[in-house]
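Engineer: Here's a structure for you.
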Amino acid sequence: MVQHAQLANCVLSERLGAQGLFEYNRLSNLYSEMRGVSIAEEMMVESMGHRMAYDAAVDQGVSQCLIDLYLVNAIKTDAAWYVERGIFTRQTITHMEDTALLAALPRLDELLAAMEVEPYVSPPIISNEYWEKFSETLPVFSSPQAEVPAQSTFLERAQL
Numbered sequence: 527m528v529q530h531a532q533l534a535n536c537v538l539s540e541r542l543g544a545q546g547l548f549e550y551n552r553l554s555n556l557y558s559e560m561r562g563v564s565i566a567e568e569m570m571v572e573s574m575g576h577r578m579a580y581d582a583a584v585d586q587g588v589s590q591c592l593i594d595l596y597l598v599n600a601i602k603t604d605a606a607w608y609v610e611r612g613i614f615t616r617q618t619i620t621h622m623e624d625t626a627l628l629a630a631l632p633r634l635d636e637l638l639a640a641m642e643v644e645p646y647v648s649p650p651i652i653s654n655e656y657w658e659k660f661s662e663t664l665p666v667f668s669s670p671q672a673e674v675p676a677q678s679t680f681l682e683r684a685q686l
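Heads up, the sequence shown stops at 686 in the working numbering, and the numbers go up one at a time, no gaps.
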């Protein structure tokens with residue numbers, strides 16, 4: 527409904543031309559009010575999604591360190607809201623993130639293996655072995671006229 531109202535306000539203001547911008551027609555006010563409703567609605571839907579994801583993770587027995595990481599990242603999406611209401615301080619949020627990372631990082635290999643994502647991850651940068659194999663496939667360009675400056679020349683210039 528909010529999207530329809532916003533679209534209708536835009537179409538109506540275009541049809542009215544300059545008249546649509548005058549205060550007495552209230553289109554600017556209506557648009558601003560609908561934009562505010564849209565922002566509030568978006569935040570409400572987002573927060574409900576965060577809660578549903580959290581509950582699903584708990585119900586499915588997801589590792590607590592991953593749940594803690596998710597939770598702190600959800601809080602960080604609007605940290606100011608939590609700080610303004612006195613729920614957390616920025617220092618507390620940073621401490622929560624640090625604690626969650628310290629708990630998850632030692633288990634990173636285990637957690638990644640449990641997700642069974644390796645068949646879907648293909649960038650060569652994921653390991654030194656893959657990177658070496660990839661590097662060997664890259665073309666090498668060179669020129670017989672190319673000269674590599676001697677190291678002594680560089681040192682002489684640096685001493686000047």
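From the three backbone atoms N, C-alpha and C, an ideal C-beta is built for every residue, glycine too.
1. Are the Cβ atoms of Asn535 and Leu547 separated by less than 8 Å?
2. Tell me which residue opens and which closes the alpha helix (DSSP H) that Leu634 is part of.
3. Kindly indicate which three-state DSSP category Leu686 falls into: helix, strand or coil?
4. Once the 5 residues before and after Leu592 are set aside, which same chain residues still bring their CB inside 8 Å of it?
5. Please report the straight-line C-alpha distance between Ala544 and Ser573, rounded to a whole angstrom.
6. Quick one, which of Asp594, Ile565, Pro645 has its alpha-carbon nearest Leu628's?
7. Quick check on this structure: which residue in Glu540, Arg561, Val598, Leu538 has the alpha carbon closest to the alpha carbon of Gln529?
Structural biologist: Put simply:
1. No Cβ-Cβ contact shorter than 8 Å links Asn535 with Leu547.
2. Unbroken alpha helix (DSSP H) run through Leu634: 634 to 641.
3. Annotation note: pLDDT 49 at Leu686 (below 50); position unreliable, coordinate value reported separately. Shown here, Leu686 sits in coil according to DSSP, grouped into three states, outside any helix or strand.
4. In the same chain as Leu592, and ignoring 5 residues on each side of it, the C-beta atoms closer than 8 Å to its own belong to Ala583, Ala630, Leu637, in chain order.
5. Straight-line Cα distance between these residues: approximately 39 Å.
6. Looking at the Cα atoms, Asp594 is the closest of the given residues.
7. Of Glu540, Arg561, Val598, Leu538, the residue nearest in Cα terms is Arg561.
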